[in-house]
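Below: the structure, in C-alpha cells.
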Amino acid sequence: MSGIAELRARRIWDSRGRPTVEAEVLTASGARGRGIAPAGASTGSGEARELRDGGTALGGLDVQRAVRGVIGEIRAALLGSEVADQAAVDRRLIELDGTPDKSRLGGNALVAVSLACAHAAAAEADLPLWRHLAGEQPVALPVPQIQIFGGGAHARARVDVQDYMVICPGAGSFAEALEWTAEVYRAAGARLAKRGALQGVADEGGYWPAFKSNEEGLAELVGAIEDAGLRPGADVALALDVAASQLWRAGAYQLALENRSLSSEQLLAMLLRWVERYPIVSIEDPFAETDRTAMQAFTRAAGDRIQIVGDDYFVTSERRLRAAAGACNAVLLKPNQAGTLTETLACWNAARDSGYRAIVSARSGETEDVSIVHLAVGWGVPQLKVGSFSRSERMAKWNEGIRIEEALGARALPYPARRLFPRAGR
Ligand code: PGA
Ligand code: ZN
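To convert, note that position 261 of the sequence shown is 279 in our numbering; the numbers rise steadily by one, no gaps.
The following block contains the structure:
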C-alpha cells in the first residue's frame with residue numbers, strides 16, 4: 019500500500035495525429051503508472067465530454083487546459099491518496115469535476131489519471147495489470163472482434179456501415195483467432211485490389227473500400243473468408259457496427275452510398291434479411307441512440323440468434339444499461355465514455371446482473387496504450403474490440419493479448435469463443 023507522491027501530465031499525439039492527454043503517477047515507494055486518453059469520432063451524445071481548447075490552432079483540438087487541470091487541481095486533490103484504492107481515487111475525480119458529463123476537467127483528463135493510477139497500483143504490487151485486477155480469480159483471453167473494412171465516420175462515409183468485422187467462433191485460442199483473421203484480412207485486401215476497389219485504410223486500419231452498396235461488404239467478407247480457406251460461419255463469422263446514430267437525419271436513416279432513406283421499420287427489415295443471408299453473429303448500434311422502440315423491436319426479433327450491442331446507445335453507463343428495458347443484449351465498454359475505470363466496471367457489473375454480454379472496446383483515435391486488453395482479461399469480460407489488423411496502435415493491443423495468453427498458459431480458463439457463439443461454431 020502506498021500513496022500517490024507525484025502526478026504529471028503531458029500532451030502527446032494519437033493515431034490520427036491529434037493531441038491527447040497522458041498522465042503519469044508516481045507512488046511513495048517509487049512505483050510508476052501511465053495512462054493515455056483515447057478519442058472517438060462517432061461518439062454518443064451521452065459520453066463523458068473531452069476538454070479541448072477550441073480556437074484555430076490544431077483544429078481547436080488541443081488539450082492544454084485538460085493537461086493543466088491534471089497537474090493543477092487533480093494533482094493537488096490526489097497527492098497522498100492510496101493508489102490501490104481505485105474506487106476512492108475515481109470518486110475523488112468525479113467529485114472534483116462536479117459536472118454530470120465531466121466537462122469541467124474533461125473526461126480525457128479523468129480517464130488518463132484513472133488508468134495511470136491502475137497501472138501504478140499494479141506496479142506497486144509487482145503484477146501485470148490484468149493479474150492485479152483479477153486477483154486470485156482464474157481468467158481467460160477475450161474473443162476478438164476485428165475490423166476488415168472501415169466506413170462511416172472513419173472513412174468519410176465511403177460506405178454507410180462503420181465496421182465490417184470478423185469473429186472466429188471456431189478458433190481454439192486468442193492466438194489462433196488472430197492467425198485466422200490475418201489470413202482473412204490478407205485475402206480481403208487482395209480481392210479489393212484485384213478489382214480496383216482498394217482505396218487505402220480507414221481510421222482503425224480496416225480497408226477503405228469502394229463498394230456500390232452496403233450489402234456488398236458482407237458478400238466480400240464471406241468471399242474473403244472462403245479465399246482464406248476457412249468456413250464462413252463455422253470458423254469465421256461476421257459482425258457489424260452500423261453506428262446508426264450517424265445515419266439518422268430528419269427522422270430517417272440516410273444510406274448515402276445507396277442514395278436511399280429508410281424508416282426504422284425498413285432498416286429493421288433490411289438487417290433481418292442480412293441476418294438470414296449471411297453468417298452474422300453480432301450487430302452493434304443497429305439503430306440510433308434515440309430510437310429505443312426500434313432497438314427493442316429488433317432485439318425481440320433477432321436477440322435469440324445474434325448479439326445486439328449498444329455502444330452510442332449505452333455509452334458505458336450503468337444507469338442506461340439498467341434501464342435498457344429489452345433493448346440490446348450486450349454492451350460495449352469504453353472507459354473514456356464513462357470517464358473512470360470504476361464507472362466502467364460498474365457498467366460491466368450491471369451487464370452481468372442483467373444477463374447482458376459485454377465487449378471491452380478501443381476508440382477510433384488510439385495510441386500505444388494497451389490498458390484495455392488488461393481490463394478485458396482482468397475483469398473477465400469475454401470479448402474485445404480494438405479495430406482492424408493493421409496500424410501499430412491496433413496491433414500493439416492484439417500483440418499484448420498474445421503475451422498474456424502465453425503467460426497464463428495452462429492456468430487459463432477455457433477460451434470462450436465456442437461458448438459465446440455455438441450456432442456459428444458448429
Ligand atoms: P469511435 O467509434 O471510437 O469513433 O466512437 C468506435 C465505435 O463506434 O465502436
Ligand atoms: Zn460503435
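Backbone N, C-alpha and C fix where the C-beta goes; we use that ideal spot for every residue, glycine too.
- Non-local C-beta neighbours of T362 in its own chain, meaning closer than 7 Å and more than five positions away in sequence, comprise T334, L351, P353 and A356, ordered along the chain.
- Pairing I377 with K415 gives a Cβ-Cβ distance that is not under 9 Å.
- Shown here, M183 sits in a strand according to DSSP, grouped into three states.
- Here F439 is near V299, since their CB atoms are less than 9 Å apart.
- DSSP places E423 inside the alpha helix (DSSP H), whose first and last residues are S410 to L426.
- Inclusion of R52 and H172 in the CB contact set at 9 Å is not warranted, their separation being larger than that value.
- About 19 Å separates the beta carbons of R36 and K120, which is beyond the 8 Å limit, so they are not a contact pair.
- For K230, no beta strand (DSSP E) segment is defined, and its DSSP state is neither H nor E.
- Separation of V39 and G48 (C-alpha to C-alpha, rounded to the nearest whole angstrom) is 22 Å.
- DSSP places T360 inside the alpha helix (DSSP H), whose first and last residues are L359 to S372.
- Distances taken from the Cβ of S335 to the heavy atoms of the ligand ZN include none shorter than 8 Å.
- In the three-state DSSP reduction, L123 falls in the coil class, being neither helix nor strand.
- In this structure, D253 keeps its C-beta atom at 9 Å or more from the C-beta atom of A343.
- Residue pairing by DSSP places R52 opposite E42 in a beta bridge.
- With a beta-carbon spacing of about 6 Å, P227 and V177 fall inside the 8 Å limit used to define contacts.
- Of the heavy atoms belonging to the ligand ZN, none sits nearer than 8 Å to the Cβ of L359.
- In the displayed model, G383 falls within a strand according to three-state DSSP.
- Per DSSP, the continuous alpha helix (DSSP H) segment holding S389 begins and ends at S389 to W397.
- With a threshold of 8 Å, the Cβ atom of D71 does not count as near the ligand PGA, since no heavy atom of the ligand is closer than that.
- According to the DSSP assignment, K403 belongs to the beta strand (DSSP E) that extends over Q401 to S406.
- For the pair L25 and L96, the CB atoms are nearer than the 9 Å cut-off.
- Annotation for G87: the continuous alpha helix (DSSP H) segment containing it runs Q82 to G87.
- Within its own chain, the residues whose Cβ lies closer than 8 Å to the Cβ of G396, once the five positions on either side in sequence are excluded, are L147, W148, R149, H150, L151, A152 and V157, listed in chain order.
- A distance of 9 Å or more separates the beta carbons of L248 and E194.
- Judged by DSSP secondary structure, P353 falls outside any beta strand (DSSP E) and instead within the alpha helix (DSSP H) spanning P353 to A356.
- Taking the Cβ atoms as the reference, P187 lies roughly 6 Å from R436, within the contact range of under 8 Å.
- Our two residues, M313 and T61, have alpha carbons roughly 18 Å apart in a direct line.
- Distance from the CA of G241 to the CA of A215, rounded to the nearest whole angstrom, comes to 15 Å.
- Distances from the CA of L290 to each of W266, I326 and A268 were compared; the closest alpha carbon is that of I326.
- In terms of CA proximity to L128, A27 leads the group A27, A262, R323 and V404.
- Shortest Cα-Cα distance from I301 to any of G170, R310 and G321 involves G321.
- For G328, the enclosing beta strand (DSSP E) has its first and last residue at Q325 to G328.
- Within the chosen limit of 8 Å, the ligand ZN reaches the beta carbon of S60 through at least one heavy atom.
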